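One structure is given below, encoded as structure tokens.
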DNA sequence: GACATTAGTTAGCACAACTAACTACAATGG
DNA sequence: CCATTGTAGTTAGTTGTGCTAACTAATGTC
């Protein structure tokens, strides 16, 4: 009944007070997505939330992270429609409308109407957009690059694999 | 001179159109935090941005991700001051003021003034806050847990490493 | 040609981050 | 002992990013 009780309130005291008998290892039944995976999910969520925050704090050549990401997608996709772009970036259409509006205002992209289907608008990078993308790329990953430079050789190789994993986690639906 | 050209604008066309002669492989110089690390940093940044977006879309027992993270920190730290909490969460003081105000309004935490230094305010979890933290923990990492369930045994082990890496990347200054 | 579908936009909401400027209290030093 | 300096937190205002609901305009279909 007492809500503040015996076992760790949330079950994931990193750095636990060491005054806790640790009730029982409770190893998971063979394979069910048990406690341990759950704790892992939480830690991953928290780490991602914070890292994201840090990344937003770094300016990316004057672009917001969302703009920077969208710019990258446009570069990759060539002349996507707004819908394709929204899909690629996993945002809803209105969000992409606004994002692109801002980038157009800033001269990073050009919008143009599709010939075949006049409901459709496409975007492509402007020369300025390409320059900016290069700048972001070359100079503005400073934070992560610096942080990663602190890793040793082997860890850095690992980082590559792990990034791929992360991409996979976020990718499929 | 012409800004639009010859080499790939940003140097990381995943899935290039295949209609492109691919000017020259341009392999990176040996070891300096060069192109390759830079590309990795970009990919990591993009993946984190997107995953974060996905996570925000998932509700966490009615809390925002920031609230959820802060709740976790409070649980870990006990009775932190707002400043300590802001530091832990790597946000500016005003952000933490508002975050805590919201959590207090929602009955998740209790604010109280420090005895020694009356400029200082501390927070602790309420019973409700503890319950919510449990709920978040047990039930509401659905998205990530689900995504991770799709991984095989060995990949899941790597997910753990990934998380540790992210924690390290975000941790030190 | 009426009707349904699709692409994108507009409007309005909520949240999360920031900086600058402020209040309240504490600590220090003539 | 009080004036100054420093520190903790708040208030105000801005920006960015996401959403849903409701709309316009074009397309496709029967």
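Chains as they are written, first to last, in the numbering used here: chain L, 2 to 174; chain C, 2 to 174.
Cβ atoms here follow ideal geometry from the backbone N, Cα and C, with glycine treated the same way.
Note that the structure is a prediction, hence the values are computed from the model and not measured.
Excluding five sequence positions before and after residue 76 of chain L, the CB atoms of its chain that fall closer than 7 Å to its own CB belong to 126 and 134, given in chain order. Interface residue (Cβ-Cβ distance to chain L less than 8 Å): residue 82 of chain C is not classified as such. Look at residue 92 of chain L here: in three-state DSSP terms it is coil, with no helix or strand label.
One finds nothing in chain C with a Cβ atom closer than 7 Å to the Cβ of residue 105 of chain L; even the nearest lies about 17 Å away. Under a 10 Å Cβ-count criterion, residue 95 of chain C is classified as exposed, with fewer than 16 other Cβ atoms of the shown protein chains found around its own Cβ. Counting the other Cβ atoms within 10 Å of the Cβ of residue 93 of chain L gives fewer than 16, which makes it exposed. According to the DSSP secondary-structure assignment, residue 114 of chain L is paired through a beta bridge with L:122. Here the alpha carbon of residue 80 of chain L sits roughly 9 Å from the alpha carbon of residue 86 of chain L.
From the beta-carbon of residue 98 of chain L, no residue of chain C is found nearer than 8 Å; the closest lies around 16 Å away.
With contacts defined as CB atoms closer than 8 Å, residue 159 of chain C and residue 152 of chain L fail to qualify as a contacting pair. DSSP, reduced to helix, strand and coil, places residue 64 of chain C within a strand of the structure shown. A Cβ-Cβ contact shorter than 8 Å links residue 111 of chain L with residue 124 of chain L. Here the alpha carbon of residue 98 of chain C sits roughly 22 Å from the alpha carbon of residue 46 of chain L. In summary, residue 117 of chain L is exposed, with fewer than 16 beta-carbon neighbours lying within 10 Å of its beta-carbon over all protein chains present. Check the Cα spacing between residue 49 of chain L and each of C:78, C:67, C:40 and C:128: the tightest is with C:67. At a C-beta separation below 8 Å, residue 51 of chain C has these neighbours in chain L: 70, 90, 91 and 171. A Cβ-Cβ contact shorter than 8 Å links residue 108 of chain C with residue 129 of chain C. The beta-carbon of residue 66 of chain C is placed less than 8 Å from the nearest beta-carbon of chain L.
Contact between residue 51 of chain C and residue 91 of chain L holds, since their C-beta atoms are separated by about 6 Å, short of 8 Å. When the alpha-carbon of residue 132 of chain L is set against those of L:54, L:44 and L:72, the nearest one is in L:72. One Cα belongs to residue 53 of chain C, the other to residue 83 of chain C, and the distance between them is close to 24 Å.
Residue 44 of chain L counts as buried, since no fewer than 16 other beta carbons sit within 10 angstroms of its beta carbon. The beta carbon of residue 158 of chain C sits no closer than 8 Å to any beta carbon of chain L. Between the alpha carbons of residue 169 of chain C and residue 101 of chain C lies a gap of roughly 26 Å. Listed along chain L is no residue with a C-beta nearer than 7 Å to that of residue 119 of chain C; the closest approach is about 27 Å. Listed along chain C are 46, 49 and 50, each with a C-beta nearer than 8 Å to that of residue 56 of chain L.
The beta carbon of residue 55 of chain L lies closer than 7 Å to those of 144 in the same chain, with the five residues before and after it left out. Here DSSP, grouped into helix, strand and coil, assigns residue 98 of chain L to helix. Within the same chain, 82, 121, 122 and 123 come within 8 Å of residue 115 of chain L by CB-CB distance, once the 5 residues on both sides are set aside.
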